[in-house]
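Worksheet: the structure to be examined is printed underneath.
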Amino acid sequence: MPSTATARNASITFARLARAAARSSCTAQPSAVALTAARLNPATSHRAAHTTPALRQAVAAAASPLPPSPSAAVPPHERARLAAFTARTGLNLDPELLRIVLTHRSYGKPGAEQSARFEFIGERALDLYVTEHIYLKYPELPTGALSSVVKAYVGDKAVQKVAVQFGVPQVMRWKGTHTPHTRGEIAIGASVLRSLIGALQTSLGPEATRAFVRAHFLSRTIDDLSAHLKVSAPMATLALLMKNQDRIRPVSRLLQETGRLSHAPVFLVGIYSGVEKIGEGAGSSKSHAEHSAAVDALCKHYLREVKDFSVPSEVAS
Amino acid sequence: MSTPRQLIKQLQQAGLQNRILPAKDLTSRGHNGSATFVPAITKLNLRYSHPRIGAGGSSAGLVQFLTTRLPAIAAARPYVEICVQPRNGVPPTLTATYAGGKKVAIDVGKMTCGEVEKKVNFLCDSMDGEEKHIQRGKPVKVGGHKGAARVLPAWDPFTAPTTFKP
Numbered sequence: 001m002p003s004t005a006t007a008r009n010a011s012i013t014f015a016r017l018a019r020a021a022a023r024s025s026c027t028a029q030p031s032a033v034a035l036t037a038a039r040l041n042p043a044t045s046h047r048a049a050h051t052t053p054a055l056r057q058a059v060a061a062a063a064s065p066l067p068p069s070p071s072a073a074v075p076p077h078e079r080a081r082l083a084a085f086t087a088r089t090g091l092n093l094d095p096e097l098l099r100i101v102l103t104h105r106s107y108g109k110p111g112a113e114q115s116a117r118f119e120f121i122g123e124r125a126l127d128l129y130v131t132e133h134i135y136l137k138y139p140e141l142p143t144g145a146l147s148s149v150v151k152a153y154v155g156d157k158a159v160q161k162v163a164v165q166f167g168v169p170q171v172m173r174w175k176g177t178h179t180p181h182t183r184g185e186i187a188i189g190a191s192v193l194r195s196l197i198g199a200l201q202t203s204l205g206p207e208a209t210r211a212f213v214r215a216h217f218l219s220r221t222i223d224d225l226s227a228h229l230k231v232s233a234p235m236a237t238l239a240l241l242m243k244n245q246d247r248i249r250p251v252s253r254l255l256q257e258t259g260r261l262s263h264a265p266v267f268l269v270g271i272y273s274g275v276e277k278i279g280e281g282a283g284s285s286k287s288h289a290e291h292s293a294a295v296d297a298l299c300k301h302y303l304r305e306v307k308d309f310s311v312p313s314e315v316a317s
Numbered sequence: 001m002s003t004p005r006q007l008i009k010q011l012q013q014a015g016l017q018n019r020i021l022p023a024k025d026l027t028s029r030g031h032n033g034s035a036t037f038v039p040a041i042t043k044l045n046l047r048y049s050h051p052r053i054g055a056g057g058s059s060a061g062l063v064q065f066l067t068t069r070l071p072a073i074a075a076a077r078p079y080v081e082i083c084v085q086p087r088n089g090v091p092p093t094l095t096a097t098y099a100g101g102k103k104v105a106i107d108v109g110k111m112t113c114g115e116v117e118k119k120v121n122f123l124c125d126s127m128d129g130e131e132k133h134i135q136r137g138k139p140v141k142v143g144g145h146k147g148a149a150r151v152l153p154a155w156d157p158f159t160a161p162t163t164f165k166p
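Listed in order, the protein sequences are those of chains P and H.
With full-length UniProt numbering as the guide, the letters of the first sequence map in order to residues 1 to 317.
With full-length UniProt numbering as the guide, the letters of the second sequence map in order to residues 1 to 166.
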């Protein structure tokens, strides 16, 4: 039938135009232009003949001898989506591998479980690169706070935020692809992002993965680091800490006060180790202010930051 | 944990922390653009009305854009999935999909090629396809603006020269 043949020819020429555009662009990345001839049903396909001269010229110029390869796993319209995703995120994976990794196991088709293995590796690689960075950045941080800080960087919430920023839920294939109104999109997006990190680690190596983790996860900031530090008895802890460091026993002194007999007094207390002030705190009573000063002194000690360091995985390679 | 702490924790977990100590923020915050920039736009649909004889006139500008300017723009913006689709009988539109799933549609009927290019660039550069009316270039006023820093800082008990003693 001539009408269907015209429709098929039109879709093929549009695909060729996309490939020509890809070849003509200077970048090594495939072009994200997908010229899809949608809704070319037999009733309207005769309209394809009445194209403007410019459109006809563009289509004719793009005619190429290369037929679509039968072994290509990724159809043309998906190639554009994956190319755009690659350019957006910097994950330079092959389109075929990318398609496998972006297929969550909830998709249901056979072979959808392969991304679970990448997720296993990705979760641990992400944890490793962030942990070694935080371990060296805060050398005095206790282990409870260390795990809490690492969780802030690589926990579910952070990975979900980064996945949504990349637009992973729109590119991935999951149970919601063929079932509308399905919940769990963002959680599964996080899972797919971990698979992507695992694929990056196995195919491009630790340097590329470390650079990716630094760019997208370690660039995040924690507003209040002292929220991760749990101290039950700050005065006693501080006294023990000073003793272990062979320093003078801490003594608290009232520095400033205002409104002592009013309804809103403010006392400013400083904690001194000899003549050196190690902490300062304010409160509505003297003991409250002393407690605050001890917490401040402990924060200054445990949350000490190192600026320049090299991580073990960087030195080893 | 003491009973008051237990009660505070229960109230915080129940979300009733407005009147008492708020739960501490144990999350991290992302800053897009600090180390690397991830554009918000994911897909751009350009739907044109096919220029048949005596029809498709409202998308003449869009069709001219598709034939002349689109390949260069697509090459300059590799992070956008561009989808060109003919849609007859309806006005031509640009539909942008953003990273959070938001879709923004703009009617480009009877627009020139230059106007369409402006809209395309605006959609590709913006975060959610909406105009942000930010006031810039405000004049210097005698009393100062409402949120501006004052020459004399607000009084605080630690740096005040005199304190109240009843």
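Ideal Cβ positions, reconstructed from N, Cα and C, are used throughout, including at glycine.
Since this is a predicted model, take the numbers as computed values, not measurements.
Residues of the segment 40-55 of chain H with a C-beta less than 7 Å from any C-beta of chain P: T42, H50, P51, R52, I53, listed in chain order. In the three-state DSSP reduction, H/K103 falls in the strand class (E or B).
By the rule that beta-carbons nearer than 9 Å mark a contact, H/D107 does not touch chain P. CA-CA distance, P/V251 to P/I271, rounds to 6 Å. Within the same chain, and ignoring the five residues on either side of P/T237 in sequence, the residues whose Cβ sits closer than 7 Å to its Cβ are V231, L298. About 29 Å separates the beta carbons of P/V164 and P/G144, which is beyond the 8 Å limit, so they are not a contact pair. Interface annotation, H/S34: in contact with chain P, CB-CB separation under 9 Å. Residue contact with chain H for P/H216: present (Cβ-Cβ distance below 9 Å to some residue of chain H).
For H/L44, the CB contacts under 6 Å within the same chain, skipping 5 residues up- and downstream, are V80, I82, A96 in chain order. Judged by DSSP in its simplified three-state form, P/P234 adopts helix. Here the alpha carbon of P/A282 sits roughly 52 Å from the alpha carbon of P/T202. Under the criterion of beta carbons closer than 8 Å, P/L268 and P/A289 qualify as touching, at roughly 6 Å. Taken atom to atom, the span from the alpha-carbon of P/H301 to that of P/P139 is near 10 Å.
P/V159 is classed as buried because its beta carbon has at least 16 other beta carbons within 10 Å across all chains shown.
Under the three-state reduction of DSSP, H/A96 is assigned to strand. Annotation for P/F85: the continuous alpha helix (DSSP H) segment containing it runs 76-89. Remark: C-beta atoms of P/G122 and P/L200 approach each other more closely than 9 Å. When 8 Å is used as the limit between beta carbons, P/Q160 is near no residue of chain H, the shortest such separation being about 11 Å. Taking the CA atoms as reference points, H/L62 sits about 15 Å from H/A105. Listed by position along chain H, the residues whose Cβ is nearer than 7 Å to that of P/I197 form an empty set, because the closest Cβ is around 15 Å away. Straight-line measurement puts the Cα of H/K102 at about 49 Å from the Cα of H/T159.
When DSSP states are grouped into helix, strand and coil, P/F118 belongs to the helix group. Contact annotation: H/A40 and H/Y98 have beta-carbon atoms nearer than 9 Å. Among the residues facing chain P, H/L123 is not included, as its CB has no counterpart in that chain under 9 Å away. Chain-order list of chain H residues neighbouring P/G184: empty, with the shortest C-beta distance near 14 Å, by a criterion of under 8 Å. Cβ-Cβ distances below 6 Å link P/I134 to V149, V150 in the same chain, with the five nearest sequence neighbours on each side left out; the list follows chain order. Straight across, the Cα-Cα distance linking P/S262 with P/I248 is about 36 Å.
Here P/I248 is not bridged, per DSSP, to any residue. Between P/L136 and P/L229, the beta carbon gap of about 18 Å keeps them out of contact (Cβ cut-off 8 Å). Against chain P, the beta carbon of H/T112 has no neighbour under 8 Å; the closest one sits roughly 16 Å away. Listed in chain order, the non-local C-beta contacts of P/A112 below 6 Å within the same chain comprise T103, R105, local neighbours out to five positions each way being set aside. Sequence-distant Cβ neighbours of H/V38 in its own chain, meaning closer than 7 Å and more than five residues away, are N32. Residues of the segment 289-307 of chain P with a Cβ closer than 7 Å to any Cβ of chain H: none. Within the same chain, Cβ atoms closer than 7 Å to the Cβ of P/S191 are found at H104, E119, the five residues on either side in sequence being excluded. Counting along the chain, the unbroken alpha helix (DSSP H) around P/S147 starts and ends at 143-154. In this model, P/L128 and P/Y153 are separated by some 12 Å (Cα to Cα).
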